[in-house]
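Number of protein chains: 2
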Amino acid sequence: MIPVSAVIPGPSASPRRRPIGLTGVAVTGGLWADRMRRNREVSLLHGERQLEAAGNFANLRSAASGGGDYAGEADDSGLTFPFLDSDVYKWLEAVGWESARGADPGLMRMADRAIDLVGGAQREDGYLNSYFQITSPDRQFVDLEWGHELYTIGHLVQAAIAWKRSLNDERLLAMAGRAVDRIGAELGPGRRELIDGHPLIEMALVELYRTTGAERHLELAATLVERRGRGLLKPDRFGPEYWQDHASVRTAREPAGHAVRQLYLDCGAVDLAVETHDDELLAAVTRRWEAMVASRTYLTGGLGARQRDEAFGEAYELPPDVAYAETCAAIASVMLAWRLLLATGEQRYADLIERTSLNGLLSGLGLDGTEYFYANPLHVRRADGAGTRGPTSTRRRPWYPCACCPPNLMRFLATYPDLVATVDPAGLAIHQFVGGTIEIDAPFGHVRVEMRTEYPWDGAIDLRVEDAPGGEWTLTARVPAWCRAGSVTVDGAVAGIEPDADELSFTRAWRTGDEVRIALEMPARLTVPDRRIDAVRGTVAVERGPLVYAVEEVDLPPGAALETIEADPATPPSLAAPDPALPGITVVDVAVRVRDPDGAGVWPYEPASAPAESQRSATVRAVPYFAWGNRGPGGMRVWLPRTD
Amino acid sequence: MIPVSAVIPGPSASPRRRPIGLTGVAVTGGLWADRMRRNREVSLLHGERQLEAAGNFANLRSAASGGGDYAGEADDSGLTFPFLDSDVYKWLEAVGWESARGADPGLMRMADRAIDLVGGAQREDGYLNSYFQITSPDRQFVDLEWGHELYTIGHLVQAAIAWKRSLNDERLLAMAGRAVDRIGAELGPGRRELIDGHPLIEMALVELYRTTGAERHLELAATLVERRGRGLLKPDRFGPEYWQDHASVRTAREPAGHAVRQLYLDCGAVDLAVETHDDELLAAVTRRWEAMVASRTYLTGGLGARQRDEAFGEAYELPPDVAYAETCAAIASVMLAWRLLLATGEQRYADLIERTSLNGLLSGLGLDGTEYFYANPLHVRRADGAGTRGPTSTRRRPWYPCACCPPNLMRFLATYPDLVATVDPAGLAIHQFVGGTIEIDAPFGHVRVEMRTEYPWDGAIDLRVEDAPGGEWTLTARVPAWCRAGSVTVDGAVAGIEPDADELSFTRAWRTGDEVRIALEMPARLTVPDRRIDAVRGTVAVERGPLVYAVEEVDLPPGAALETIEADPATPPSLAAPDPALPGITVVDVAVRVRDPDGAGVWPYEPASAPAESQRSATVRAVPYFAWGNRGPGGMRVWLPRTD
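Note that the protein sequences, when read in sequence, are chains A and B.
First residue of the first sequence? That's 13 in this note's numbering, and the numbers climb one at a time after it.
First residue of the second sequence? That's 13 in this note's numbering, and the numbers climb one at a time after it.
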């Protein structure tokens with residue numbers, strides 16, 4: 013049975029593991045179930061209203077009618093974004109995947125209207141991009157640097173695949189196919205040697221090949237991937253690294269430039285490598301991923317240090333305050349890690365998926381499901397300070413002029429169950445811990461496993477085999493990288509967790525009722541950064557399980573400020589009484605010293621031998637980073653200065 | 013006698029001290045004499061060539077002829093700068109002041125040509141701005157936000173004053189007067205209530221009043237200053253703080269927005285306050301200056317933390333790596349501190365002038381006099397990294413598309429002697445230590461004092477009275493804020509230096525041959541930042557006397573890297589053998605530990621209890637910050653991580 017999944021390696025591909033898919037995992041309880049429910053019941057409706065209000069639908073209508081102006085707020089530089097169609101496609105993609113769990117009539121009516129708009133806007137020759145159709149119909153495929161024409165169609169393809177796989181609805185697939193063939197005729201193998209300024213279509217084309225079997229889509233994907241790094245794009249203001257045109261996908265050793273662009277490109281490269289058994293290409297992406305994790309990833313999994321060009325920056329350049337860490341980059345990172353996990357089977361990719369999705373990704377979404385962060389810094393000095401404008405807003409907003417992140421969160425949540433487990437010929441592997449049921453017709457037979465857990469709030473995870481074929485198979489569960497100690501029993505018999513083990517694997521002829529009970533110790537803990545990360549030297553962060561914590565200004569005791577508290581690394585944080593304003597969320601207490609700094613008007617540099625300032629002890633609350641900014645405006649910091 | 017000086021408070025003004033002027037101080041030996049000589053002999057000629065090559069002169073020709081395109085490279089956003097004329101004016105101003113020390117025939121010929129071009133370009137109605145004259149003659153005074161029309165004329169006024177005061181040449185003054193009257197007719201009191209997006213003209217107008225006696229210039233300056241902070245400019249992409257239009261000059265408590273704009277505005281406010289005895293206005297500027305020094309000034313005196321909008325940023329937001337710290341902001345800071353020094357007589361302003369001019373300002377100029385930094389960060393990871401493009405280039409460049417800094421350095425160096433000493437009715441005060449002679453017809457008689465010193469390389473400063481009137485007067489010398497210990501003798505008799513004294517004052521009937529010998533102890537020392545400066549927590553900087561030092565990649569021992577060395581705060585740095593590549597420059601040795609960090613591919617965050625990495629001892633050289641980047645490309649850092 014073919015799963016309902018965004019990434020399905022083809023029959024002759026070489027992934028180490030294969031997806032179980034959205035419908036193979038029922039997420040029924042806990043944090044993710046709650047987020048998913050809110051996505052379905054609140055965010056998707058909110059998204060439709062915003063797409064109407066922001067003019068995205070109006071643009072498709074104008075393109076269809078040949079009249080009207082292109083809608084959309086201008087960015088900082090006064091430019092209008094030419095990729096507003098892509099937000100419609102991402103929203104449609106989210107509705108498509110969501111509908112695999114049961115179509116909501118209201119959502120389906122909205123989606124039908126949107127699909128009709130897309131169909132109406134597409135030109136007879138297959139071309140589709142409302143910006144160019146409205147503003148400059150004679151400039152198709154001219155501004156490859158900034159036009160986003162391939163990027164936008166890539167999102168249409170992904171939406172089309174969602175509707176095909178979830179509902180066997182081929183309306184969008186027909187449109188996407190024609191749009192892709194128009195691109196192929198223009199820029200395909202043997203045609204004009206150009207690439208898009210924003211990668212994305214590469215992975216969409218591989219998936220289109222997987223869905224339709226048409227080799228030309230794989231060829232076009234390969235062509236676009238291999239053309240990169242040859243200076244085919246004008247360097248423009250941010251240089252060729254910005255769009256990964258400085259070095260080939262096979263040779264670039266480090267992630268560079270615009271973070272989302274790099275990550276989407278590498279997604280396509282992995283898809284291509286898996287489909288074509290190209291180990292060299294896979295190794296190149298793996299090397300970049302390792303360099304990224306080691307030196308360019310925030311504790312929250314956030315990516316992209318620089319606001320100016322939304323770029324990675326240099327190794328160990330990870331400022332917490334002016335961090336960009338775009339929500340879309342976190343989503344793209346999960347997309348890449350998922351592909352690498354399927355390709356290699358390695359749990360380290362699931363570790364990053366967990367860290368990212370529970371921290372620097374989920375922070376992008378307000379608890380109510382209708383407000384979004386575009387940037388996810390780890391330190392905000394003042395709620396009305398620095399980044400109150402534009403994408404670096406320090407308060408969540410209902411929508412953005414460049415609204416890539418909100419519908420990206422919608423499609424992420426709609427596909428979240430996909431990330432929970434995979435299958436291979438010998439067994440089932442669990443990568444993410446959620447309350448729910450995994451059910452699959454595996455190569456070794458029909459399997460159903462129930463997973464009971466309050467994760468990420470508690471480290472107890474009970475796996476109960478509800479249905480099993482007769483023979484032997486392997487049940488594997490990830491041991492999170494954050495875990496320092498824990499225990500496991502299999503049907504009551506104690507089994508050890510090896511130090512440094514990244515997974516537990518038990519092979520046997522499982523019977524209904526068999527239980528694996530995992531208990532991961534989950535004390536709140538203090539974490540220090542690598543000493544090469546200049547911007548957070550001399551600080552500690554609070555973590556518990558997979559969650560990164562943050563101290564919010566609103567929780568500070570009288571007389572303390574975010575810039576005068578220091579955590580004592582010798583005193584571990586402890587669980588605190590729940591905050592009624594954050595229901596269901598575990599908060600912790602951190603012992604701090606509050607310093608009394610010198611008054612104003614004083615030169616802020618002094619001899620190394622200067623006497624210490626006076627201090628007093630206090631306790632401050634820390635909340636999960638993803639939940640910050642939900643109790644009114646105020647500052648926040650993840651990294652706390654540590655006492656000497 | 014009226015001094016030749018850029019700032020001359022009027023006869024009825026209320027400054028605490030008055031300038032001696034350019035010609036009252038002969039700087040004959042040492043670092044500043046060398047810089048000034050190179051400015052005269054190399055940089056000013058280089059500037060003229062660059063103004064020709066970049067099209068600044070061509071624009072004036074085109075404006076005169078009514079034909080041709082506007083020249084000038086576009087910026088990052090593809091916009092051409094409308095203020096290219098101002099670079100011509102700054103260069104002319106520099107030549108004007110320089111000529112006070114003796115006109116160089118070659119420079120005078122070049123300047124005459126430039127003055128003719130300016131005169132030829134000016135319209136009959138007094139309007140003068142080649143950008144608008146060439147590109148959009150019907151849009152005069154329409155784009156107040158970005159047009160820089162008043163800013164540009166402000167620079168013309170400053171050039172005109174230089175030529176009037178240095179050479180009694182009134183050609184530019186006539187042009188400036190007509191241009192200013194055109195502005196007054198358009199935006200003056202009772203006319204359209206508008207202000208320029210870039211302050212500067214305010215101080216120029218006060219000085220024009222001081223030069224011409226025409227009250228209308230003072231009134232226009234007052235009008236423009238008082239209009240600010242009322243939202244007369246469209247907020248645009250960076251918000252009203254960007255151009256100080258968010259709060260009135262009298263009430264804004266903290267420096268905000270674009271650093272150069274804030275500083276130039278406050279220069280005008282001080283000039284106005286001094287001229288109109290407006291203590292409230294002076295107090296408002298003083299308060300902002302104190303807030304700036306305490307929380308928004310780099311160790312080097314650099315100002316402006318943010319690259320995106322060249323802005324101050326928030327209190328204690330002082331990242332060393334992505335610092336902007338524009339050379340022009342350092343110059344503007346000296347201009348403001350100088351005005352505050354004259355207004356109040358306080359040596360703390362001279363301290364900031366010293367720190368800024370010897371570090372974050374002088375760093376903008378290559379040792380050869382023809383290469384410039386626009387941004388002056390305190391940490392560059394890789395010479396070919398981050399900021400190799402645009403104004404944040406990590407290598408000095410011969411010129412910039414926005415070339416405000418190079419000619420600003422030229423006028424700064426041409427007027428440097430102005431900053432050395434002041435006079436008041438009772439005596440002479442020395443603020444900066446240079447080899448040379450101070451001579452003035454003071455209110456108390458004709459005085460000549462010779463200053464012998466190798467400062468800033470050595471703390472011995474000998475003052476010898478060469479000529480003195482008969483009666484008593486006071487000789488005052490600043491005690492630098494960096495100084496922790498020292499001694500002084502007056503004619504051989506030991507006099508103490510009080511702890512925390514900011515100056516030494518000796519009142520007597522000085523006779524020719526009297527000597528004051530000051531010996532300031534000048535050990536290399538380690539400095540720590542205020543703990544609220546997040547970005548450099550856990551580091552130390554090396555300083556010696558007024559100089560900030562930096563470690564350059566090129567000086568590292570084998571196996572060490574800028575990110576793996578740590579200084580031991582218990583071991584003071586020591587003087588090192590001179591570097592032949594840096595003649596005349598004192599370098600120091602810093603004892604460091606070199607760490608062996610984990611390999612690549614590792615998650616860079618670990619438990620607070622993780623074991624320390626292995627280390628070994630080494631010594632690295634540090635060079636004065638101003639001299640970095642003169643021995644080929646490579647990284648650099650001022651703040652060194654300190655060992656635990």
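Beta carbons are placed, not taken as given, at the ideal position from N, Cα and C, and that holds for glycine.
Where do the N-terminal and C-terminal ends of the beta strand (DSSP E) with Glu219 of chain A fall, by residue?
-> To locate residue 219 of chain A, count along the first sequence from 1; it is residue 207. It is not in any beta strand (DSSP E) - Glu219 of chain A instead sits in the alpha helix (DSSP H) that spans 213-224.
Residue-level contact to chain B via CB, Ala398 of chain A, 7 angstroms cutoff = Position 386 of the first sequence, counted from the first residue, corresponds to residue 398 of chain A. Per-residue confidence for Ala398 of chain A stands at a pLDDT of 46, beneath the threshold of 50, marking its modelled position as unreliable; the derived number appears in the next sentence. By this cut-off, Ala398 of chain A is an interface position.
Do the CB positions of Arg240 of chain B and Ile195 of chain B come within less than 7 angstroms of each other?
-> As a working note, residue 240 of chain B is residue 228 in the second sequence. As a working note, residue 195 of chain B is residue 183 in the second sequence. No, the pair does not count as a contact, with Cβ atoms beyond the cut-off.
Mind pulling the chain A residues with CB within less than 7 angstroms of Gly550 of chain B?
-> One-based indexing of the second sequence puts residue 550 of chain B at position 538. Residues of chain A passing the Cβ test: Arg549, Gly550.
Give a yes or no on whether the minimum CB-CB distance between Arg544 of chain A and chain B is below 7 angstroms.
-> By 1-based counting over the first sequence, the position of residue 544 of chain A is 532. Yes, Arg544 of chain A counts as interfacial toward chain B.
Cutoff 6 angstroms; reference Pro94 of chain B; Cβ partners in own chain excluding five residues on either side | Along the second sequence, one-based indexing puts residue 94 of chain B at 82. So the qualifying residues of the chain are Tyr143, Gly159, His160.
For chain A, find out if any of its Cβ atoms is closer than 7 angstroms to the Cβ of Ala620 of chain B; answer yes or no.
-> One-based indexing of the second sequence puts residue 620 of chain B at position 608. Yes - at least one Cβ of chain A is within 7 angstroms of the one on Ala620 of chain B.
Environment of Thr263 of chain B [buried if 16+ CB atoms lie within 10 Å] = Stepping through the second sequence from its first residue, residue 263 of chain B is reached at position 251. Its Cβ having fewer than 16 others within 10 Å, Thr263 of chain B is exposed.
Can you tell me which of the three DSSP states Tyr361 of chain B falls into?
-> Counted from its first residue, the second sequence places residue 361 of chain B at position 349. Of the three classes helix, strand and coil, the one that applies to Tyr361 of chain B here is helix, per DSSP.
By how many angstroms is the C-alpha of Val602 of chain A removed from the C-alpha of Arg633 of chain A?
-> Along the first sequence, read from residue 1 onward, the residue named residue 633 of chain A stands at position 621. Along the first sequence, read from residue 1 onward, the residue named residue 602 of chain A stands at position 590. So the alpha carbons of these two residues sit roughly 6 angstroms apart.
Note down the Cα distance separating Tyr412 of chain A from Tyr386 of chain A, rounded to an integer number of angstroms.
-> Residue mapping note: residue 412 of chain A aligns to position 400 of the first sequence, counting from 1. Residue mapping note: residue 386 of chain A aligns to position 374 of the first sequence, counting from 1. Between Tyr412 of chain A and Tyr386 of chain A, the C-alpha separation is close to 8 angstroms.
Starting from the N-terminal side, write out each stretch of the beta strand (DSSP E) that is 3 residues or longer and does not extend beyond the stretch 442-493 of chain A.
-> 447-454, 457-465, 472-479, 485-490
Start and end residues, beta strand (DSSP E) containing Ala633 of chain B | Sequence index remark: in the second sequence, residue 633 of chain B carries index 621 (1-based). Rather than Ala, the amino acid found at residue 633 of chain B in this sequence is Arg. Taken as a continuous stretch (DSSP letters only), the beta strand (DSSP E) holding Arg633 of chain B covers 627-636.
Does Val459 of chain A have its Cβ less than 7 angstroms from a Cβ in chain B?
-> Against the first sequence, residue 459 of chain A aligns to sequence position 447. Not an interface residue.
Can you list, in chain order, the residues of its chain whose CB lies under 6 angstroms from that of Met122 of chain B, leaving out five sequence neighbours each side?
-> For the purposes of this step, residue 122 of chain B is identified with residue 110 of the second sequence, where counting begins at 1. Closer than 6 angstroms at Cβ, skipping near neighbours: Glu60.
Residue-level contact to chain B via CB, Val632 of chain A, 7 angstroms cutoff | The residue you call residue 632 of chain A lines up with position 620 of the first sequence. Val632 of chain A does not count as touching chain B.
Report back the beta-carbon spacing between Met215 of chain B and Asp283 of chain B to the nearest angstrom; my notes put them in contact at under 8 angstroms.
-> Position 203 of the second sequence, counting from 1, holds the residue named residue 215 of chain B. Position 271 of the second sequence, counting from 1, holds the residue named residue 283 of chain B. Met215 of chain B to Asp283 of chain B, Cβ: 5 angstroms. Contact.
Going along the stretch 298-321 of chain B in order, which residues come within less than 7 angstroms of chain A, judged by CB to CB distance?
-> Taking 7 angstroms as the Cβ-Cβ cut-off against chain A, the residues of the stretch 298-321 of chain B that qualify are Glu302, Ala303, Val305, Ala306, Ser307, Leu311, Gln319, Arg320.
Scan the stretch 113-153 of chain B and note each continuous alpha helix (DSSP H) run of 4 residues or more that stays entirely inside, going in chain order.
-> Under the rule that a run must span 4 or more residues, the alpha helix (DSSP H) segments found entirely inside the stretch 113-153 of chain B read 117-133, 142-147.
Simplified DSSP state of Phe424 of chain A, which is helix, strand or coil = The sequence position of residue 424 of chain A within the first sequence is 412, counting from 1. Note: Phe424 of chain A maps to helix in three-state DSSP.
Pick from B:Ile442, B:Arg318, B:Gly646: whose alpha carbon is nearest that of Leu353 of chain B?
-> Residue mapping note: residue 353 of chain B aligns to position 341 of the second sequence, counting from 1. Nearest option by C-alpha distance: B:Ile442.
Report the rounded CA-to-CA distance for Cys5 of chain B versus Ala513 of chain B, giving the unit in angstroms.
-> Past the edges of chain B, shown from 13 to 656, lies residue 5 of chain B, and the structure says nothing about it.
Length-filtered (4 minimum) alpha helix (DSSP H) runs lying within the stretch 325-386 of chain A = 339-356, 359-368
Could you round the C-beta distance between Ala174 of chain A and Glu105 of chain A to whole angstroms and report it? I think they count as a contact, below 8 angstroms.
-> As a first step, residue 174 of chain A is located in the first sequence; it is residue number 162 there, counting from the start. As a first step, residue 105 of chain A is located in the first sequence; it is residue number 93 there, counting from the start. The pair is a contact, with the Cβ atoms about 5 angstroms apart (cut-off 8 angstroms).
Would Val606 of chain B count as contacting chain A if we go by Cβ distances under 7 angstroms?
-> Counted from its first residue, the second sequence places residue 606 of chain B at position 594. Not one chain A Cβ lies under 7 angstroms of Val606 of chain B.
Buried versus exposed, by CB contacts within 10 Å (16 or more), Leu587 of chain A | The residue labelled residue 587 of chain A in the question sits at position 575 within the first sequence. Around the Cβ of Leu587 of chain A, a 10 Å sphere holds fewer than 16 other Cβ atoms; the residue is exposed.
Using DSSP with H/G/I as helix, E/B as strand and the rest coil, what is Val650 of chain B?
-> Residue 650 of chain B sits at position 638 when you count from the first residue of the second sequence. Correct three-state label for Val650 of chain B: coil.
What residues from chain A crowd round Val563 of chain B, counting only those whose CB sits closer than 7 angstroms?
-> Taking the second sequence and counting its residues from 1, one reaches residue 563 of chain B at position 551. Under the 7 angstroms cutoff, chain A gives no residues; its nearest Cβ is about 14 angstroms from Val563 of chain B.
Cβ of Arg47 of chain B within 7 angstroms of Cβ of Leu425 of chain B?
-> Taking the second sequence and counting its residues from 1, the one referred to as residue 47 of chain B is at position 35. Taking the second sequence and counting its residues from 1, the one referred to as residue 425 of chain B is at position 413. Yes; because the gap between Cβ atoms is below 7 angstroms, this pair is in contact.
By how many angstroms is the C-alpha of Gly42 of chain B removed from the C-alpha of Arg476 of chain B?
-> Residue 476 of chain B sits at position 464 when you count from the first residue of the second sequence. Residue 42 of chain B sits at position 30 when you count from the first residue of the second sequence. Straight-line Cα distance between these residues: approximately 17 angstroms.
Is Ile127 of chain A buried or exposed, if buried means 16 or more other CB atoms sit within 10 Å of its CB?
-> Translated into the one-based positions of the first sequence, residue 127 of chain A becomes position 115. Per the 10 Å Cβ criterion, buried.
Which value, in whole angstroms, describes the spacing of the CA atoms of Val37 of chain B and Ala45 of chain B?
-> Here residue 37 of chain B refers to the residue found at position 25 of the second sequence. Here residue 45 of chain B refers to the residue found at position 33 of the second sequence. If you take the alpha carbons of Val37 of chain B and Ala45 of chain B, they lie about 11 angstroms apart.
Taking the C-alpha atoms as reference points, what is the distance between Gly189 of chain A and Val130 of chain A?
-> Locating residue 189 of chain A in the first sequence gives position 177, where the first residue counts as 1. Locating residue 130 of chain A in the first sequence gives position 118, where the first residue counts as 1. Each residue's alpha carbon lies about 13 angstroms from the other.
Considering only the beta carbon of each residue, do Ala344 of chain A and Tyr276 of chain A sit closer than 7 angstroms?
-> What you label residue 344 of chain A is simply residue 332 of the first sequence in a count that begins at 1. What you label residue 276 of chain A is simply residue 264 of the first sequence in a count that begins at 1. In this structure, Tyr276 of chain A lies closer than 7 angstroms to Ala344 of chain A by Cβ.
Which of the three DSSP states, helix, strand or coil, is assigned to Leu156 of chain A?
-> One-based indexing of the first sequence puts residue 156 of chain A at position 144. In this structure, Leu156 of chain A counts as coil in the three-state DSSP scheme.
Endpoints, beta strand (DSSP E) assigned at Leu559 of chain A | Counting from 1 along the first sequence, the entry for residue 559 of chain A is found at position 547. Counting along the chain, the beta strand (DSSP E) containing Leu559 of chain A begins and ends at 559-564.
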